[in-house]
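**Q**
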């Protein structure tokens, strides 16, 4: 028995979030694939023509990729909400993405490290140079009452360090 009623979405090659959503749902149906392999010989024959029946390694890859993409999916949902203001969280989301990608540079899994490297290159293309970033992203952080104190504290530390370096 399957404990989900989730529908499989189609993959859109240019949108990573559709890949995440597809893999997230298909993982829930792993036991169904295994049951069909044992119970329906035609299913096995049909899949043998293409890439074949998903193996244990395939399912493990699905879990690893889903685990990597999940935080990005959550961050995307956080800034793309239309029922509430999201501009005050944008800077936090960008920095969280940077930290995630930076952390995966030293991952033991070479596939994840390679994927993260490609994602990091794309991230740097759009967000890598703070001098060309829209200054409103920083301004929103300054005016956000929840972040103002943290930001001002960080600015004072940076100012103190800069002052020490110039003396």
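Residue numbers (UniProt numbering): 1 to 167.
Note that CB positions come from ideal geometry on N, CA and C, so glycine has one too.
Bear in mind that the values here come from a model prediction, so they are computed numbers and not experimental data.
(1) Using three-state DSSP, classify residue 144 as helix, strand or coil.
(2) Mapping the DSSP letters down to three states, classify residue 134 as helix, strand or coil.
(3) Here's the rule: buried if 16 or more other CB atoms are within 10 angstroms of the residue's CB, otherwise exposed. What is residue 113?
(4) Can you give me the C-alpha to C-alpha distance between residue 67 and residue 60, rounded to a whole angstrom?
(5) May I ask you to report which of helix, strand or coil DSSP gives residue 83?
(6) Measuring alpha carbon to alpha carbon, tell me which of 42, 41, 22, 102 ends up nearest residue 120.
(7) Is DSSP giving residue 99 helix, strand or coil here?
(8) Using alpha carbons as the reference points, say which of 19, 124, 40, 123 lies closest to residue 69.
(9) What span of residues does the alpha helix (DSSP H) with residue 38 cover, start to end?
(10) CB residue 27 to CB residue 63, shorter than 8 Å?
**A** In short:
(1) On the chain shown, position 144 is the one that residue 144 refers to. Residue 144: coil per DSSP, three-state reduction.
(2) Residue numbering aside, residue 134 sits at position 134 when the chain shown is read from its first letter. Three-state result, residue 134: coil.
(3) Residue 113 sits at position 113 when you count from the first residue of the chain shown. Classification for residue 113: exposed.
(4) As a working mapping, residue 67 is identified with position 67 in the chain shown. As a working mapping, residue 60 is identified with position 60 in the chain shown. Residue 67 and residue 60 have their C-alpha atoms some 11 Å from each other.
(5) For the purposes of this step, residue 83 is identified with residue 83 of the chain shown, where counting begins at 1. DSSP places residue 83 in coil when its eight states are reduced to three.
(6) Taking the chain shown and counting its residues from 1, the one referred to as residue 120 is at position 120. Considering only alpha carbons, the answer is 102.
(7) Taking the chain shown and counting its residues from 1, the one referred to as residue 99 is at position 99. In this structure, residue 99 counts as helix in the three-state DSSP scheme.
(8) Residue numbering aside, residue 69 sits at position 69 when the chain shown is read from its first letter. Comparing Cα positions, the closest option is 19.
(9) Against the chain shown, residue 38 aligns to sequence position 38. First-last of the alpha helix (DSSP H) with residue 38: 30 to 39.
(10) Position 27 of the chain shown, counted from the start, is the residue given in the question as residue 27. Position 63 of the chain shown, counted from the start, is the residue given in the question as residue 63. Going by C-beta atoms, residue 27 is nearer than 8 Å to residue 63.
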